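Visitor: I have a structure here, written as structure tokens, and I will follow up with some questions on it.
2 protein chains.
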Amino acid sequence: MRRKPDPEQRRLELCDAAITLLAEDGIKGLSHRKVDRAAGVPDGTTSFNFRTLAALVHAVAARVAALDLEELTIATAASPAAGDGETSGVSGLARLIMRSSTGPPLIRSRARLELVLQSHRDVTLAEAFRHSGELFLALHRDVVLRLQPSGAEIEPAHIDEQAYVLQTFIGGLMTAIAHGDNTIESAEQLDGIMSAIVSGLSARR
Amino acid sequence: MRRKPDPEQRRLELCDAAITLLAEDGIKGLSHRKVDRAAGVPDGTTSFNFRTLAALVHAVAARVAALDLEELTIATAASPAAGDGETSGVSGLARLIMRSSTGPPLIRSRARLELVLQSHRDVTLAEAFRHSGELFLALHRDVVLRLQPSGAEIEPAHIDEQAYVLQTFIGGLMTAIAHGDNTIESAEQLDGIMSAIVSGLSARR
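Respectively, the protein sequence lines represent chains A and B. Just so we're aligned, residue 1 is where the first sequence starts under full-length UniProt numbering, counting upward by one. Just so we're aligned, residue 1 is where the second sequence starts under full-length UniProt numbering, counting upward by one.
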């Protein structure tokens, strides 16, 4: 047993405290000092670990993306595979989105909004979310493929469009949920809406 | 002819400069001094007109909302009324969204994202966007009503759900466009997608 906290573990705890700060006070409210206080560590600990505010923000983004990846991996494994038919239960995607309405996933979702809004003026930030963003899109494509009417020919361009529309809707929904919207009440209801969107788009071809 | 700039006109010019700053540098990058420089006015002009940073942010939000209202009014007038049938041309909503991909509407859209992200911790900010938000929702309801299959009985709860889904999709799309996404190429294409979403949702009832 070590007496001193593991340095990597300490950095993760600082990042987690920073995620909560970001969610509550926004990017304007983030500082080394506030993270020290929120994490209950001696003054200077955060700036010792992350020399600049940019370094802190990048580490926080990496932490959010890593936690996102964990959840995305679970959601992907939980989704029925394409070909299982659309009656095989609630999608992992719908469960993932509904989970973002409370607790730590809601806090992380609010923090992610703050970080993503910065990402078009910070390539390192944009890069931090690249991998999880790709997995997130792949999860939408899986849902779209699973929802194709059986026997229909599948044209890649149509799948692309449907995945884009679905992902755009889900992006809007996650933002709305992060702002406190709770219009959609269950993963089943969300799956029904996603299914209707895809079937509406499929039908017009 | 006045020699001195009209005080109200001067404040609007400062707000417009602040909108561009917000879009480029985010809420973190906004300060009285930077607005003075961006507007090309003597140092101190912005802090004379808006004593606190909060007062400046609230004035900028009011300016964004006023410009939004102008565009929303045009978009509402341009949309065919319910009952005109769905072949009567491109919706004002689709045109409004596509216009947000370039020029001053894109800058305003980026600034609005920054402000809206603050609005859940600032009631005055939230209030600034209340009226335009209501008009924006009404515009979605008009599109949904216009797209109902003819002869179908219209249940208010279904209209509400369809308007919610459409607005959530459009919210995600405006955010994507503000971040540089240009997947959707025309108002006609966007109208086709909105029509498919509504018909998919209508069909499952």
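Beta carbons are placed, not taken as given, at the ideal position from N, Cα and C, and that holds for glycine. Keep in mind it's a predicted model, so treat the numbers as computed, not measured.
1. Counting contacts by CB-CB distance shorter than 8 Å, is Arg121/B in contact with chain A?
2. What does Ile27/B reach in chain A if we use C-beta pairs closer than 9 Å?
3. Any contact of the stretch 172-190 of chain A with the stretch 106-117 of chain A, i.e. 3+ C-beta pairs under 8 Å?
4. Is it buried or exposed, Ala157/A, if we count other Cβ atoms within 10 angstroms and call 16 or more buried?
5. For Ile197/B versus Leu166/B, is the C-beta distance shorter than 8 Å?
6. Suppose contacts are defined by Cβ-Cβ distances below 8 Å. Is Leu125/A in contact with Val57/A by that definition?
7. So, Leu12/B versus Asn49/B, is the Cβ gap smaller than 8 Å?
8. Ends of the alpha helix (DSSP H) at Lys34/B?
9. Just the Cα atoms here: how many angstroms apart are Gln189/B and Leu190/A?
10. What's the C-alpha gap between Ser195/A and Leu201/A?
11. I think Ala38/B touches Thr52/B, with their Cβ atoms under 8 Å apart; what is that distance to the nearest whole Å?
12. So, at 7 Å on beta carbons, what are the nonlocal neighbours of Asp68/B in its own chain, with the 5 sequence-adjacent residues on each side left out?
13. Leaving out five residues on either side along the sequence, give the residues of the same chain with a beta carbon under 6 Å from the beta carbon of His140/A.
14. Can you tell me which of the three DSSP states Asn182/B falls into?
15. Which residues of chain E have a Cβ atom closer than 7 Å to the Cβ of Gly180/B, listed in chain order?
16. Can you confirm whether Thr52/B, when its beta carbon is compared against all beta carbons of chain A, has any partner nearer than 8 Å?
17. Put Glu155/B into one of helix, strand or coil per three-state DSSP.
18. In chain order, what residues of the same chain lie with their CB nearer than 7 Å to the CB of Ala18/A, ignoring the 5 residues before and after it?
19. Is Asp84/B buried or exposed, if buried means 16 or more other CB atoms sit within 10 Å of its CB?
20. Taking Cβ-Cβ distances shorter than 8 Å, what residues in chain A pair up with residue 207/B?
21. Can you name the start and end residues of the alpha helix (DSSP H) that Val45/B belongs to?
22. Can you give me the C-alpha to C-alpha distance between Asp25/A and Leu137/B, rounded to a whole angstrom?
23. Measure the Cβ-Cβ separation of Gly92/B and Ala66/B and say whether it is below 8 Å.
24. Name the chain B residues whose beta carbon is nearer than 9 Å to that of Glu114/A?
25. Mind pulling the chain A residues with CB within less than 8 Å of Thr20/B?
26. Taking 6 Å as the limit between beta carbons, can you name the residues of its chain near His32/A, skipping five residues before and five after?
27. Enumerate in chain order the residues of its own chain whose CB-to-CB distance from Glu86/B is below 8 Å, with the five nearest sequence positions on each side excluded.
28. Could you work out which residue in Arg99/B, Leu115/B, Ala152/B, Pro42/B is closest to Arg63/B when comparing CA atoms only?
29. Can you find a CB in chain A that lies within less than 8 Å of the CB of Gly133/B?
30. If you reduce the DSSP assignment to three classes, tell me which class Leu14/A lands in.
31. Along the chain, where does the alpha helix (DSSP H) that runs through Phe136/B open and close?
32. Could you spell out where the alpha helix (DSSP H) holding Ile27/B opens and where it closes?
33. For the stretch 37-49 of chain B, which residues have a CB atom closer than 7 Å to at least one CB atom of chain A, in sequence order?
34. Are Ala111/A and Leu22/A closer than 8 Å when you measure CB to CB?
35. Confirm, please, whether the CB-CB distance from Leu117/A to Leu113/B is below 8 Å.
36. Give a yes or no on whether the C-beta atoms belonging to Ser199/B and Ala203/A are separated by under 8 Å.
Guide: Once the coordinates are examined:
1. Here residue 121/B refers to the residue found at position 121 of the second sequence. True, the Cβ-Cβ gap to chain A drops below 8 Å.
2. The residue you call residue 27/B lines up with position 27 of the second sequence. Here the neighbours are Gly26, Ile27, Lys28, Leu117.
3. Flag = yes, the stretch 172-190 of chain A and the stretch 106-117 of chain A touch.
4. As a working mapping, residue 157/A is identified with position 157 in the first sequence. Classification of Ala157/A: exposed, given that the 10 Å Cβ count is below 16.
5. Start at 1 with the first residue of the second sequence, and residue 197/B comes out as number 197. Start at 1 with the first residue of the second sequence, and residue 166/B comes out as number 166. It is a contact, given that the beta carbons lie within the stated cut-off.
6. Counting from one through the first sequence, the residue named residue 125/A turns up at place 125. Counting from one through the first sequence, the residue named residue 57/A turns up at place 57. Against a cut-off of 8 Å, the Cβ pair of Val57/A and Leu125/A comes out as a contact.
7. Reading the second sequence from its first residue, position 12 is the one you call residue 12/B. Reading the second sequence from its first residue, position 49 is the one you call residue 49/B. With respect to the 8 Å criterion, Leu12/B and Asn49/B are not classified as neighbours on the basis of their beta carbons.
8. In the second sequence, residue 34/B corresponds to position 34, counting from 1. Residues 32-39.
9. Locating residue 189/B in the second sequence gives position 189, counting from the first residue. Locating residue 190/A in the first sequence gives position 190, counting from the first residue. Taking the straight line from one Cα to the other gives about 25 Å.
10. As a position in the first sequence, residue 195/A is number 195, starting the count at 1. As a position in the first sequence, residue 201/A is number 201, starting the count at 1. Spanning the two alpha carbons is a distance of roughly 10 Å.
11. Stepping through the second sequence from its first residue, residue 38/B is reached at position 38. Stepping through the second sequence from its first residue, residue 52/B is reached at position 52. Not confirmed; about 19 Å, so no contact.
12. Position 68 of the second sequence holds residue 68/B. Cβ neighbours of Asp68/B beyond the five flanking positions: Ser132.
13. The residue you call residue 140/A lines up with position 140 of the first sequence. Counting only Cβ-Cβ distances below 6 Å, and skipping sequence neighbours, we find Ala163, Leu166, Gln167.
14. In the second sequence, residue 182/B corresponds to position 182, counting from 1. Reduced to three states, the DSSP call for Asn182/B is coil.
15. Absent here is chain E; the protein component of the structure consists of chains A and B.
16. Walking along the second sequence from the start, residue 52/B turns up at place 52. For Thr52/B, the answer is no, since every Cβ of chain A falls outside 8 Å of its Cβ.
17. In the second sequence, residue 155/B corresponds to position 155, counting from 1. Secondary structure at Glu155/B: coil, using DSSP grouped into helix, strand and coil.
18. In the first sequence, counting from the first residue as 1, residue 18/A sits at position 18. If we look at Ala18/A and ignore the five residues flanking it on each side, its Cβ neighbours are Leu30, Val35, Leu56, Val60.
19. Position 84 of the second sequence, counted from the start, is the residue given in the question as residue 84/B. Per-residue confidence for Asp84/B stands at a pLDDT of 49, beneath the threshold of 50, marking its modelled position as unreliable; the derived number appears in the next sentence. Of the other Cβ atoms in all chains shown, fewer than 16 fall within 10 Å of the Cβ of Asp84/B; this residue is therefore exposed.
20. Only positions 1 to 205 of chain B appear in the structure, and residue 207/B is not among them; the question remains open.
21. One-based indexing of the second sequence puts residue 45/B at position 45. The identity of residue 45/B in the sequence shown is Thr, whereas the question assumes Val. That run of the alpha helix (DSSP H) goes 45-49.
22. Position 25 of the first sequence, counted from the first residue, corresponds to residue 25/A. Position 137 of the second sequence, counted from the first residue, corresponds to residue 137/B. Approximately 28 Å between the Cα atoms of the pair.
23. Reading the second sequence from its first residue, position 92 is the one you call residue 92/B. Reading the second sequence from its first residue, position 66 is the one you call residue 66/B. Taking 8 Å as the Cβ cut-off, Gly92/B and Ala66/B do not qualify as a contacting pair.
24. Within the first sequence, numbered from 1, the residue matching residue 114/A stands at position 114. Near Glu114/A (Cβ distances below 9 Å), the residues of chain B are Leu117.
25. Taking the first residue of the second sequence as 1, we reach residue 20/B at position 20. In chain order: nothing, as chain A lies at least about 14 Å away.
26. Sequence index remark: in the first sequence, residue 32/A carries index 32 (1-based). If we look at His32/A and ignore the five residues flanking it on each side, its Cβ neighbours are Thr46, Ser47.
27. Here the question's residue 86/B lines up with position 86 in the second sequence. At Glu86/B, the pLDDT of 44 sits below 50, so the modelled position is not reliable; the number obtained from the coordinates is stated separately. So the qualifying residues of the chain are Arg146, Leu147, Ser195.
28. Taking the second sequence and counting its residues from 1, one reaches residue 63/B at position 63. Nearest neighbour of Arg63/B by Cα position, chosen from Arg99/B, Leu115/B, Ala152/B, Pro42/B, turns out to be Leu115/B.
29. By one-based count along the second sequence, residue 133/B stands at place 133. For Gly133/B, the answer is no, since every Cβ of chain A falls outside 8 Å of its Cβ.
30. Taking the first sequence and counting its residues from 1, the one referred to as residue 14/A is at position 14. In the structure shown, Leu14/A sits in a helix (DSSP, three-state: H, G or I).
31. Within the second sequence, the letter at position 136 stands for residue 136/B. Phe136/B -> alpha helix (DSSP H) spans 130-146.
32. Locating residue 27/B in the second sequence gives position 27, counting from the first residue. Counting along the chain, Ile27/B falls outside any alpha helix (DSSP H), and DSSP gives it neither H nor E.
33. none
34. One-based indexing of the first sequence puts residue 111/A at position 111. One-based indexing of the first sequence puts residue 22/A at position 22. Against a cut-off of 8 Å, the Cβ pair of Leu22/A and Ala111/A comes out as a contact.
35. For the purposes of this step, residue 113/B is taken as the residue at position 113 of the second sequence. For the purposes of this step, residue 117/A is taken as the residue at position 117 of the first sequence. Going by C-beta atoms, Leu113/B is nearer than 8 Å to Leu117/A.
36. In the second sequence, counting from the first residue as 1, residue 199/B sits at position 199. In the first sequence, counting from the first residue as 1, residue 203/A sits at position 203. In this structure, Ala203/A lies closer than 8 Å to Ser199/B by Cβ.
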